[in-house]
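Here the structure is laid out as structure tokens; the discussion comes afterwards.
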Amino acid sequence: MSELRKTYPGGLFFLTLTVVGWVDVFIRPQYTQIIIDSLRYCQLHKGLELYAYVVMSSHVHLIAARTEGNLSDVLRDLKAHTARQLLKAITENEHESRREWMMRLFAYYARPQRQNEQYMFWQKTTYPIALWTPAVIRQKVEYIHNNPVAAGLVTAPEHYPLSSACYFSPLQMLPL
1 MSELRKTYPG GLFFLTLTVV GWVDVFIRPQ YTQIIIDSLR YCQLHKGLEL YAYVVMSSHV
61 HLIAARTEGN LSDVLRDLKA HTARQLLKAI TENEHESRRE WMMRLFAYYA RPQRQNEQYM
121 FWQKTTYPIA LWTPAVIRQK VEYIHNNPVA AGLVTAPEHY PLSSACYFSP LQMLPL
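Residue numbers for the sequence shown follow UniProt numbering, so the first one is 1 and each next one is one higher.
Here it is in structure tokens:
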């Protein structure tokens with residue numbers, strides 16, 4: 001792995017988890033709930049420190065750290081668990097009109113990947129960017145919180161419920 005794409009203990013990182021093919025999976029509440037529940041579990045049981053987040057239709061942005069151990073281990077487990085849970089939820093959802101199309105796409109992306117048995121849900125990398133200065137941290141937090149505004153989903157960041165900008169966010173954030 002390139003030195004640019006590594007995380008290290010105690011470092012603060014901007015991360016992006018992206019669905020393969022930028023498939024708009026997170027337009028259904030049952031799928032976003034899997035992400036929220038999994039992030040909460042990682043906060044409580046795996047030492048994930050969350051400072052900002054947003055769940056968009058095809059990707060998740062985080063500002064995160066892990067004081068003890070490597071953040072990469074938590075991200076690996078998070079991605080593996082959510083991929084299994086989301087693929088199961090999609091295949092079992094008889095009301096999912098895009099089920100066959102999505103599963104074909106996830107199978108297509110898995111073909112060149114040796115470690116993926118049948119389906120690939122997440123792109124391989126989380127593109128970690130180390131955050132060193134208060135100015136860069138502020139810029140990334142603003143980027144995360146303004147993502148739903150830029151996408152035309154809300155008029156103000158605090159109106160988007162799947163974001164740390166929202167007062168009623170389902171996840172607890174640590175102060176920066």
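Built from N, CA and C at the ideal position, the CB exists for glycine as well.
Annotation: Ala65 to Phe13 spans about 6 angstroms, alpha carbon to alpha carbon.
Annotation for Glu100: the continuous alpha helix (DSSP H) segment containing it runs Arg99 to Ala110. Scanning its chain for C-beta atoms nearer than 8 angstroms, with the 5 sequence neighbours on each side dropped, one finds around Val55 the residues Phe26, Thr32, Ile35, Ile36, Leu162 and Ser163, in chain order.
Gly69 and Tyr127 have their C-alpha atoms some 19 angstroms from each other. Bridge pairing for Glu94: absent [DSSP].
Separation of the CB atoms of Tyr119 and Leu87 is rounded to 6 angstroms, and the pair is thereby assigned contact status at 8 angstroms.
Each residue's CA atom was taken as its position, placing Cys42 and Arg84 some 16 angstroms apart. C-alpha of Tyr53 to C-alpha of Met103: approximately 27 angstroms in a straight line. Looking at Lys79, Ala130, Leu62 and Arg99, the one whose alpha-carbon comes closest to that of Trp122 is Lys79. Across the set Leu174, Ala151, Leu131 and Pro112, the C-alpha of Ala151 shows the shortest separation from the C-alpha of Ser57. Look at Leu12 here: in three-state DSSP terms it is coil, with no helix or strand label.
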